[in-house]
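Asks:
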Amino acid sequence: MSIVVTAASGNLGRLTVEALLTRGVPASEIVATSRDISRIKDFADRGVEVRRADFAESGSLPAAFEGVDKLLLISTTTPGERVANHRRAIDAAVVAGASLVAFTSMLHADTSSTILSPTHRATEEYLRERLPSVMLRNGWYLENYTGQLPQVLQGGALVGAAGQGRISAATRADYADAAAVVLTTEGHDGKAYELGGDEAFTLTRLAAAISAATGERIGYTDLPVDEFAQVLRDAGVPAELAQVLTDADRAMSHDEMFTDSGDLRRLIGRPTTTPVDAIAAALR
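Under the UniProt record's numbering, the first residue of the sequence shown is numbered 1, with each subsequent residue one higher.
1) Quick check: what's the CA-CA separation for A278 versus A56?
2) So for G256, helix, strand or coil by DSSP?
3) Distance, Cα to Cα, A32 vs V5?
4) So, do the stretch 205 to 213 and the stretch 142 to 157 have three or more beta carbon pairs nearer to each other than 8 Å?
5) Mapping the DSSP letters down to three states, classify V25 as helix, strand or coil.
6) Does DSSP put G165 in a helix, a strand or coil?
7) Find the nearest neighbour of I37 within the set A8, A280 and L61, judged by alpha-carbon distance.
8) For L241, is the classification buried or exposed, using 16 other Cβ atoms within 10 angstroms of its Cβ as the cut-off for buried?
9) Rank A89, T184, S112 and T77 by C-alpha distance to the C-alpha of T22 and give the top, closest one.
10) What is the residue span of the alpha helix (DSSP H) that A96 lies within?
11) Go ahead and label N85 buried or exposed: buried means 16 or more other beta carbons lie within 10 angstroms of its beta carbon, across all protein chains shown.
12) Taking 6 Å as the limit between beta carbons, can you name the residues of its chain near G13, skipping five residues before and five after?
13) Thinking C-alpha only, which one of L15, D42, G47 and G10 is nearest P26?
14) May I ask you to report which of helix, strand or coil DSSP gives T221?
15) Tell me, please, which residues DSSP counts as bridged to T104.
16) When the Cα of S2 is compared with those of L203, L15, L20 and R266, which residue comes out closest?
17) Quick one, which of G190, Q148 and L195 has its alpha-carbon nearest residue 292's?
18) Please name the residue or residues paired with R51 in a DSSP beta bridge.
19) Would DSSP call S58 helix, strand or coil?
20) On the premise that A96 lies in contact with P62, defined as a C-beta separation below 8 Å, what is that separation, rounded to the nearest angstrom?
21) My output table needs one value for V17: the three-state DSSP class, helix, strand or coil.
22) Just checking: is the beta-carbon of V225 within a distance shorter than 9 Å of some beta-carbon in chain D?
23) Based on the DSSP secondary-structure assignment, which residues constitute the bridge partners of F65?
24) Just list the residues that DSSP pairs I3 with in beta bridges.
25) Consult DSSP for V159 and reduce its assignment to one of helix, strand or coil.
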């Protein structure tokens, strides 16, 4: 029986496979799946079993999930197709006899007002009705900000529409470690973990941390949602993604991306990565 990680060619999936290996799971007991297996050939070279899985092609899933014990279902990226894709994957996991499916949902999926939350809620409901499951309600990624550092430094400002809302962000590696813990330990069936960083921040505080780390004078420019969306589009962000990002900032302004549950810290058994440390790592 194997642990199957979907979307293993993506950032979170890759890090989860690495976290499983670090935790001592034999490579032969891990199955990494992707729509394009050439992107995960390096895992095959290390003894991890690599299989093709495309959630849009239900015929690819029985072979991909064969022999599964526990499955990490990483949320797909196309909102309009997400629920149908997830349902096909869940149905295949049922047929394959999975004992547990861990789903990477979103923070406060049951109450969130974001445009992404209905697809996560629908997946959670469908999954709970069919299989033993655990919801990994991941918060925002620190990389969403550290990845912007070149542009922030060039423009001299961090731009957003989050007001003074608190954000409990963590690194993808933190969330991947939590997934690996859930996939390798017992007692998680039926749980919904609200996962976020220990050190919540506002974008004003994050801009100050960037200033301190770089010696550059960086401020936070808070814009109305519509103006922020236009800034993103002007920067080349596709319209649909710009809508998602600006809607997330709107939700942040109401503390919808904040949690003080402590779930992430407890699962990984260590403090989460701080914004200061994430900024320092990105600047190296």
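Every residue, glycine too, gets a C-beta built ideally from N, C-alpha and C.
Replies: Answer, in terms of the structure:
1) 35 Å
2) First, the amino acid is wrong: residue 256 is Glu here, not Gly. Reduced to three states, the DSSP call for E256 is coil.
3) 5 Å
4) yes
5) coil
6) coil
7) A8
8) exposed
9) T184
10) P79 to A96
11) buried
12) V5, A7 and I74
13) G47
14) strand
15) I74 and L136
16) L20
17) Residue 292 lies beyond the stretch modelled for the chain, which goes from 1 to 284, so this question has no answer here.
18) T33
19) helix
20) 7 Å
21) helix
22) The question asks about chain D, but that chain is absent: this structure has only one protein chain.
23) For F65, which the question treats as bridged, DSSP gives no partner whatsoever.
24) I30 and K70
25) strand
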